[in-house]
Amino acid sequence: MNFNIEIPHSIDELVLTLNKFKNKNYRIGAGCTDLLMELKNNSASNLTIINISQVDDFNFNNVKLSNGNVDIGANTTAFKICENENILENYKTLHEAALNLASAQIRQVATIGGNICTASPSGDLICALMALKAQLYIKNSLGENREISILDFYKGVRKTDLKHGEFLSHLSLNSNNKNAFKTKSGFIKIGTRKSMECSVVSLAYHIQIDKKGNIIETGLAFGASAPIVKYATRACDFLIGKKIDSLSKTEIDTFAKLVVEYASPIDDIRATAWYRKQVLFNISKSILEKNIEK
Ligand SMILES: Cc1cc2nc3c(=O)[nH]c(=O)nc-3n(C[C@H](O)[C@H](O)[C@H](O)COP(=O)(O)OP(=O)(O)OC[C@H]3O[C@@H](n4cnc5c(N)ncnc54)[C@H](O)[C@@H]3O)c2cc1C
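Just so it is clear: in the sequence shown, position 198 is 279 by our numbering, and no numbers are missing.
This is the structure in structure tokens:
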């Protein structure tokens, strides 16, 4: 590997650096857990790594409350997400996804921005953030901002809506319905072994229920069973208005079938396509068969 390194220390310096390199061959590196693996077999010449790990900006590196929403800076590590009380309390699916990511050592450096932008079809944090319908905030090399829903961000295998010269600055969670009395939220990861393993199938869900037990909001996404992490719109819509405690076996089966309709897995070294679909069906059913947790 042969490359130059630029190390901006503030958001303004990062914007200036991107401007300086806008017509050149560069890559952004945060925790570099994905990037270094990718570059190992890449002999690109004149490559510059813009290392953003030293950007000293609270909003870029932390979780904070903002007008009732939770804002998470792109450089926030999986470790900080696991430790955050607000996320544990209100967005359990994200807490569990972060806790299941790789190992304790990797969670110390792996960032949420890196997980989103690397666009892996098995990205654990992507899966939870889709179930939570996160809003992404992007800045460009002129300092201009734009926003996009994570549901519209992925364009194909490892392809995102991010343009050359742009970076992800933060994301915002505001999916919690004011009328929600209880939330059933979680993350299920099935792998061939317990740690340091990409999922065979993963599933993130965030189901909100009112005082009468009616389902009023649902978010559900799954990973490792399609070219990108998938949001199961029809399955989510199917649950709206139903009573969480009195779903019939047929309704639960229908819901799980609607989830699987979005899957288009392939056979690979970890599992066959048939197995992935079967597991996805079973874990989709299991989330409705469990008791409400909160
Ligand atoms: C041993 C091992 C185990 C792993 N296990 C898991 C796992 O269980 N689950 C899982 O989901 N992932 C896993 N990963 C993948 C990886 O750790 C995560 O995707 C991690 O969150 C990436 O974050 P990073 O900060 O290291 O990203 P980097 O490697 O720094 O960057 C990844 C990509 O995102 C881009 N990028 C980073 N930040 C920004 C930004 N702010 N704006 C624009 N682009 C940006 C980079 O240019 C690069 O293309 C594993 C990796 C390893 C090496």
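The beta-carbon is built from N, C-alpha and C at its ideal position, and this holds for glycine as well. Only a predicted model underlies this, so the values are computations on that prediction, with no experimental measurement involved.
Nearest-angstrom beta carbon gap, residue j and residue i [assumed within contact, 8 angstroms]
i: ALA183; j: ALA191; result: 6 angstroms
i: VAL258; j: GLN289; result: This sequence places Asn at residue 258; Val is not what is there. Contact holds; Cβ gap of about 5 angstroms.
i: LYS311; j: ALA302; result: 6 angstroms
i: LEU180; j: CYS163; result: 5 angstroms
i: ASN165; j: VAL144; result: 5 angstroms
i: ALA155; j: HIS251; result: 6 angstroms
i: PHE248; j: LEU146; result: Going by Cβ atoms, the distance from PHE248 to LEU146 rounds to 23 angstroms, so no, they are not a contact pair.
Residues that residue i bridges to, as DSSP identifies them
i: SER266; result: HIS287
i: ILE229; result: LEU217
i: ILE333; result: According to DSSP, which records beta bridges pairwise, ILE333 is partnered with nothing at all.
i: ILE130; result: ILE86 and ARG108
i: ALA178; result: According to DSSP, which records beta bridges pairwise, ALA178 is partnered with nothing at all.
i: LEU97; result: Looking at the DSSP assignment, LEU97 forms no beta bridge with any residue, so it has no partner.
Cα-Cα separation between residue i and residue j, rounded to whole angstroms
i: TYR172; j: HIS287; result: 8 angstroms
i: SER280; j: LYS270; result: 6 angstroms
i: SER351; j: LEU284; result: Checking the sequence, you will find Arg at residue 351 rather than Ser. If you take the alpha carbons of ARG351 and LEU284, they lie about 17 angstroms apart.
i: LEU210; j: CYS113; result: 21 angstroms
i: LEU213; j: GLY300; result: 6 angstroms
i: LYS375; j: ASP137; result: Reliability fails at LYS375, whose pLDDT of 46 lies under 50, so the model's placement of it is uncertain and the value that follows must be treated cautiously. Near 37 angstroms, if we compare the C-alpha coordinates of ASP137 and LYS375.
i: HIS176; j: VAL360; result: 22 angstroms
i: ASP93; j: PHE362; result: 47 angstroms
i: ARG357; j: PRO89; result: 42 angstroms
i: SER253; j: ILE231; result: 10 angstroms
i: ILE368; j: ASN260; result: 22 angstroms
i: LYS338; j: GLN186; result: 38 angstroms
i: ILE373; j: ASP349; result: Note on ILE373: pLDDT 45, under 50, position unreliable in the model; the coordinate value appears next. Cα-Cα distance, rounded: 35 angstroms.
i: GLY204; j: THR241; result: 13 angstroms
i: ASN150; j: ASP334; result: 34 angstroms
i: ALA316; j: GLU332; result: 11 angstroms
i: THR353; j: GLU87; result: 42 angstroms
i: GLU119; j: PRO202; result: 15 angstroms
i: ILE325; j: LYS265; result: 10 angstroms
i: ASP318; j: ARG239; result: 27 angstroms
beta-carbon residue i near ligand 1 non-hydrogen atom, thresh 7 angstroms
i: ILE86; result: no
i: ARG108; result: yes
i: THR199; result: yes
i: SER253; result: no
i: GLY378; result: Nothing about residue 378 can be reported from this structure: the residues present for the chain run from 82 to 375 only.
i: GLY194; result: yes
i: MET377; result: Residue numbering for the chain in the displayed model covers 82 to 375; residue 377 lies beyond these limits and cannot be assessed.
i: ASP115; result: yes
i: ILE309; result: no
Worksheet item: Pairing CB atoms from the stretch 301-308 with CB atoms from the stretch 329-343, are three or more of them under 8 angstroms?
Response: Contact holds: three or more Cβ-Cβ distances are below 8 angstroms.
Fill in: Inter-stretch contact (C-beta, 8 angstroms, three-pair minimum) for the stretch 221-237 and the stretch 98-114
Yes, since at least three Cβ pairs between the stretch 221-237 and the stretch 98-114 fall closer than 8 angstroms, the two stretches touch.
Worksheet item: Would you say the stretch 190-206 touches the stretch 149-164, given that touching needs at least three Cβ pairs under 8 angstroms?
Response: In the pairwise beta carbon analysis, the stretch 190-206 is classified as touching the stretch 149-164: at least three pairs are separated by under 8 angstroms.
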